[in-house]
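Worksheet for the structure shown next.
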Amino acid sequence: MKNTIRRFSWLALVAALMLMVPLAAPAEAAPETEPANFFAQLELFDIYGEPFDAKVFQGKPALVNIWATWCNPCVVEMPHLQELAHEYADRITIIGLHAEGMTVENDELVPWEAQNEAARALADNLGLTFPLVNPDANLFVLMNMPDYGLQVTVFPTTWLIDGDGTVAGVIPGSRDLAGWRAEIDGFLKYLEDTGLEKNGG
748 MKNTIRRFSW LALVAALMLM VPLAAPAEAA PETEPANFFA QLELFDIYGE
798 PFDAKVFQGK PALVNIWATW CNPCVVEMPH LQELAHEYAD RITIIGLHAE
848 GMTVENDELV PWEAQNEAAR ALADNLGLTF PLVNPDANLF VLMNMPDYGL
898 QVTVFPTTWL IDGDGTVAGV IPGSRDLAGW RAEIDGFLKY LEDTGLEKNG
948 G
């Protein structure tokens, strides 16, 4: 099975160092200063090459499903995520993160056009309308390096992110419709119980 997500270059290492900056609180920061929402600051593009507004991560929970076109379990659960994206639209944002949307060429992270074309064809065939985005250098690092506890070792893998931009849970593998509904309900219940369902709103 091909797994290009494990391709590395010096760029990924540089991005890893850059990633540490927003995650670390500067020593001179005032105590009342809140840490920035990491995910809301990303500059992302969807599989069609259009800019994606990462501000959707600000103050609202998100489910980020990491998938690939050749992954049959990923494809099978896509219609479920489409249905749930509408059902839970007011409470959680569902996003598909296309694992093979970018690749490394000549030490640069660039769009992988062949895979994006396949992703677009799949989305059109399944009638998917929820956001399908490609990773930037930061997400590329998170998916590949074990240092941050978010390394993708199985497809699909899903990150559950709270309204502050903190990854509150990682779900390996696929789910059916009932399974995903249970996962989402459990996540939202956890956020409600801890007062984090909607940060600042």
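Residues in the sequence shown are numbered consecutively from 748, following our numbering.
From the three backbone atoms N, C-alpha and C, an ideal C-beta is built for every residue, glycine too.
Distance from the Cα of residue 827 is smallest, within the candidate group 817, 843 and 867, for 843. From the listed residues 804, 795 and 783, the smallest Cα separation to residue 907 is found for 804. If you ignore the 5 residues before and after residue 856, its C-beta comes within less than 7 Å of the C-beta of 758, 849, 884 and 887, all in its own chain and listed in chain order. When DSSP states are grouped into helix, strand and coil, residue 899 belongs to the coil group.
When C-beta atoms of the stretch 900-917 are compared with those of the stretch 780-797, three or more pairs fall below 8 Å, so the two segments count as touching.
Residue 868 has its alpha-carbon roughly 30 Å from the corresponding atom of residue 916.
In the three-state reduction of the DSSP assignment, residue 927 falls in the helix class, which pools H, G and I.
Cβ contact annotation for residue 924 (same chain, cutoff 8 Å, sequence separation greater than five): 827, 830 and 831, in chain order. Within the model, the alpha-carbon separation for residue 900 versus residue 809 is close to 21 Å. About 5 Å separates the Cβ atoms of residue 904 and residue 919, confirming a contact at the 8 Å cut-off. Residues 867 of the same chain have their beta carbon placed closer than 7 Å to that of residue 795, with the five preceding and five following residues left out of the count. Taking 9 Å as the cut-off, the Cβ atoms of residue 793 and residue 872 do not count as close.
In this structure, residue 813 sits near residue 890, with a CB-CB distance shorter than 9 Å. 874 is the residue among 874, 800 and 802 whose C-alpha sits nearest the C-alpha of residue 822.
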